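Structure first, commentary second.
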Amino acid sequence: MSRAAMVLMMTLITVGAARADGDPVRGATRFQECAACHKLDAGANEVGPSLHGVFTRKAGELADFRFSPAMKRSGIVWTPETLEKYIADPQAMVPANRMPYAGMTSANDRADLIAYLVNATK
Amino acid sequence: MTTKLKEVDVVIVGLGWTGGILAKELTEAGLKVVALERGALRTNENDYSLPNIRDELRYVVRHDLMQNTARDTITVRNNPQQESLPMRRLGSFLPGEVVGGSGVHWSGHTWRWTDMEFKIRSNYEERYGKKSIPDDMTIQDWGISYAELEPYYDKFEYTAAVSGKAGNIGGQIQAGGNPFEAPRARDYPLPPLTPILASEMFTNAARDAGYHPFPRPSANASQPYTNPDGSKFGGCQYCGYCQRFGCEANAKGSPHMTVIPIAMRNPNFELRTHSWVTRVLKDSGGKRVTGVTYTNVLNGEEFEQPATIVLLCAYAINNVHLMLLSGIGTPYDPVAQKGVIGKNYCYQTGAGATLFFEGKHFNPFMNAGGSNATIDDFNSNWAFDRAPHDFLGGYVVAGGFNTPLPIGYRPVPSGTPQWGSDWKRATAKWYQTAMVINASGSVMANRYNCYDLDPTYRNAFGQPLMRMTFDYKDNEHKMGGHAAQTINNIARAMNPTRLNPASARTDPWTVVPYQSTHNTGGTIMGTNPRDSALNKYLQSWDCHNLFVIGANAFPHNSAYNPTGPVGALAYWTADAIKSRYLRNPGPLVQA
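If you're matching them up, the sequences are chains A and B in order.
Read in order, the letters of the first sequence correspond to residues 3 to 124 in the working numbering.
Read in order, the letters of the second sequence correspond to residues 39 to 629 in the working numbering.
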């Protein structure tokens, strides 16, 4: 890798880091990207698992959803930080997981989404 | 032993787009509806999800979502002089067999067919004279107008999450859309899909050549969407597994994730899967149907399901087959040109080129079902003068990809060996560098292209197979030549490193390679019972409580994919049943 590419990548990583000041109202709009598959009601597993109480559980923990072995093995504990990192590039963080989503590239969008989910998943 | 069941208001045969739309609409109108589907219930949650859905062997080679030819198939021949033989393996077309039907595995291309098709004979006679239509070309007007269908196209596009760019809103031409489309009341529900390199290059080349490229309208949601019924769509992820697969991202407009679950939540609705309808029953006078008989294919039990209204919503070929098996209407005789059931079977034609650009990376594994740009200059463009080229109808040309399969799509320049080390080297070298330009062309009805019952071969239920007699005629050969020329002109202007040029097909049609699941006609709609099987509401001229809904009703086939008018006609028929037929059961059009 060239020096310039290294610098560029490090810049991207810095820009891509989690932010704590997301806007939950904008986050509700961002959640539309997730809503076709994920519901917020307890037990409402559809194409994706229910996100109710996601910040109180480990990845792959829900008994009545068929998670990928990769997700079950990942050992992730869902926090605003880990979910933010995951949603940025799901296949990078958990290779071979079965969520068909390419990733949310904008750090601002992710911060907004997480800010929304913190309360909406309670 | 046939068990006779309790009568219901409506029995629906086949639960894909048309059956799903009618099931939803009629249960909401308070009718008790039973749907009989040959296939199984499969869902996005349990079946069309990662990683299992990305299985080319299962879904493409073994046709997991398609009709099982070991149970029932068709026999085919090119002309009445030939002996017809059974199609023992699916090839040229792929009827779906699952809840959702072919609406599960389609690509989503959604067009509005216009008065150019609906008034085809009148249009050509008016412009080119009666003699312009050959004697054996049995094209006829449909008995319906674009203006009548416009609100129903709109309803279908908004239900199915069609992404696209309008070209004509209320008569105002819109930049970036298809300038030749008929006026629409409003734009598509979603903006176009993100273009891919191949479609961008085609767009530029087509524009430079003076044509009018636009993004193909497709029921692949370009962004998250909730349709007017409340069905939620995810945004397309450009995964490359569209045609022949269920959608892993909940982004492809399909009946099993829109209208069917809504019907299933309604207590008026009952779905019976694995139910194979063998016959539509008539009363003693023959003027009404009384229900259907069906077999549970899991255990062989036979049932009679009486119903006040029967809706045939199976795949187009199977709807016609049921009409012939049930003796409804007069079978078509191509020699005497009498009768209507089986008449005007049509297909589509095409041509294609593969362009190789050394140094380009097209990433063919990343695309949506509708990732291509299209030109309509030789189809809906009525200013295109057909006279010098001596053909009727038209074709659309598209550049881009639709489901180039990771294993099956192996573009190599012509002249490359078909196997061995040289082939391996070539496929590695050229895979990333290739893009395709394809044309899809109309097929005009011909008196000898038709269906009837096969005299020899029978299906698993002991019933005669459907026999298809079809070949391309002079009109299609000439159009194919013109299309190939257009494609090659655009392709050469793009200056590829290597080009596998398009050529017109002149060899007889064969059922072996896949071509297109756009089979039309057989029980066609029209203005009178002498030359059509159905009126403009897709109601049987013979039995007023029987409706036959699908592409079987098209009197000829256009260059466009058929699902737009199939969906619109389903809503149109549902409205006619709800608003008129239920109040006053009888013929909706007086013969």
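Yeah, the Cβ is synthetic: ideal placement off N, Cα and C, and Gly gets one too.
Everything numeric in this text was worked out from a predicted model, so none of it was measured.
Query raised in the report: A/Val49 versus chain B: which residues are under 7 Å apart at the beta carbon?
Result: Asn82, Glu83, Ser87 and Asn288
Query raised in the report: Could you check where the beta strand (DSSP E) with B/Lys42 kicks off and where it finishes?
Result: Thr40 to Lys42
Query raised in the report: When the cut-off is 7 Å and only beta carbons count, does A/Arg112 lie next to chain B?
Result: no
Query - Cα-Cα separation, A/Phe33 to B/Gly437 - result: 34 Å
Query raised in the report: What number of angstroms, rounded off, separates the C-alpha of B/Ser170 from the C-alpha of B/Ile562?
Result: 23 Å
Query raised in the report: In three-state DSSP terms, what is B/Asp490?
Result: strand
Query raised in the report: If you pair each beta-carbon of the stretch 350 to 358 of chain B with each one of the stretch 580 to 591 of chain B, do three or more pairs fall below 8 Å?
Result: yes
Query raised in the report: Closest Cβ-Cβ distance between A/Gln93 and chain B: below 7 Å?
Result: no
**Report entry** B/Pro551: contacting residues in chain A (beta-carbon distance under 9 Å)
**Finding:** Ordered by position in chain A, no residue passes the 9 Å Cβ test against B/Pro551, which lies about 30 Å from the chain.
**Report entry** Top-ranked residue by Cα proximity to B/Ala477, from B/Ile528, B/Thr41 and B/Asn484
**Finding:** B/Ile528
Query - B/Pro299 - DSSP class collapsed to helix/strand/coil - result: helix
Query raised in the report: Using the C-alpha atoms, what's the distance from A/Ala72 back to B/Arg5?
Result: Absent from the model: residue 5 of chain B. The displayed extent of chain B is 39 to 629, so no value can be given.
Report task. Show which residues of chain B have a CB atom less than 8 Å away from the CB atom of A/Arg100. Result -> Ser87, Leu88 and Pro89
Query raised in the report: Who pairs with B/Leu572 in a beta bridge, going by DSSP?
Result: B/Met563 and B/Ser578
Requested in this report: Would you verify that the beta carbon of B/Gly272 is, or is not, closer than 7 Å to some beta carbon of chain A?
Outcome: yes
Query - Short CB-CB distance (under 7 Å) between B/Gln628 and chain A - result: no
Query - Where B/Gln275 meets chain A, residues with beta-carbon distance less than 8 Å - result: Pro102, Tyr103 and Ala104
Query raised in the report: How is the alpha helix (DSSP H) around B/Met104 delimited, first residue to last?
Result: Neither: B/Met104 is in no alpha helix (DSSP H) and is coded neither H nor E.
Query - Start-to-end residues for the beta strand (DSSP E) that takes in B/Gly139 - result: Note, B/Gly139: premise wrong, no beta strand (DSSP E); not H, not E.
Requested in this report: Could you tell me the boundaries of the alpha helix (DSSP H) in which B/Pro239 lies?
Outcome: Pro is not the amino acid found at residue 239 of chain B; the sequence shown has Met there. B/Met239 -> alpha helix (DSSP H) spans Leu235 to Asp246.
Query raised in the report: Does B/Pro262 come within less than 7 Å of chain A when only Cβ atoms are used?
Result: yes
**Report entry** Secondary structure of A/Ile89, DSSP reduced to three states
**Finding:** helix
Query raised in the report: Do the stretch 77 to 92 of chain B and the stretch 319 to 332 of chain B make contact, defined as three or more Cβ pairs closer than 8 Å?
Result: no
Query raised in the report: Across which residues does DSSP place B/Ser256 in a beta bridge pair?
Result: B/His147 and B/Ser201
**Report entry** For B/Pro381, the first and last residue of its enclosing beta strand (DSSP E)
**Finding:** Reading the sequence as shown, one finds Lys at residue 381 of chain B and not Pro. Residues Lys381 to Cys384.
**Report entry** chain B contacts made by the stretch 34 to 47 of chain A, where a contact means CB separation under 7 Å
**Finding:** Gln34, Glu35, Ala37, Ala38 and Cys39
**Report entry** Among B/Ala406, B/Lys193, B/Phe400 and B/Tyr510, nearest to B/Lys467 - alpha-carbon criterion
**Finding:** B/Phe400
**Report entry** B/Ala205 versus B/Gly214, B/Thr197 and B/Gln553, residue with shortest Cα-Cα distance
**Finding:** The question names Ala, but residue 205 of chain B in the sequence shown is Gly. Nearest of B/Gly214, B/Thr197 and B/Gln553 to B/Gly205, Cα basis: B/Gly214.
Query raised in the report: Residue range of the alpha helix (DSSP H) that B/Asp47 falls in?
Result: Segment Val46 to Val51 is the beta strand (DSSP E) holding B/Asp47; no alpha helix (DSSP H) there.
Query raised in the report: Out of curiosity, what's the CA-to-CA distance linking B/Pro372 and B/Asp509?
Result: 14 Å
Query raised in the report: Do you know how far the Cα of A/Gly24 is from the Cα of A/Arg100?
Result: 27 Å
**Report entry** B/His582 to B/Leu349 span [Cα, whole Å]
**Finding:** 11 Å
Requested in this report: Count the other CB atoms, across all protein chains shown, that sit within 10 Å of the CB of B/Gly52; report buried if there are 16 or more and exposed otherwise.
Outcome: buried
Report task. Could you tell me which of B/Gln281, B/Pro593, B/Thr535 and B/Arg127 sits nearest to B/Tyr558, measuring between CA atoms? Result -> Before going on, a small fix: residue 558 of chain B reads as Thr here, not Tyr. Of the candidates B/Gln281, B/Pro593, B/Thr535 and B/Arg127, the one whose C-alpha sits nearest the C-alpha of B/Thr558 is B/Pro593.
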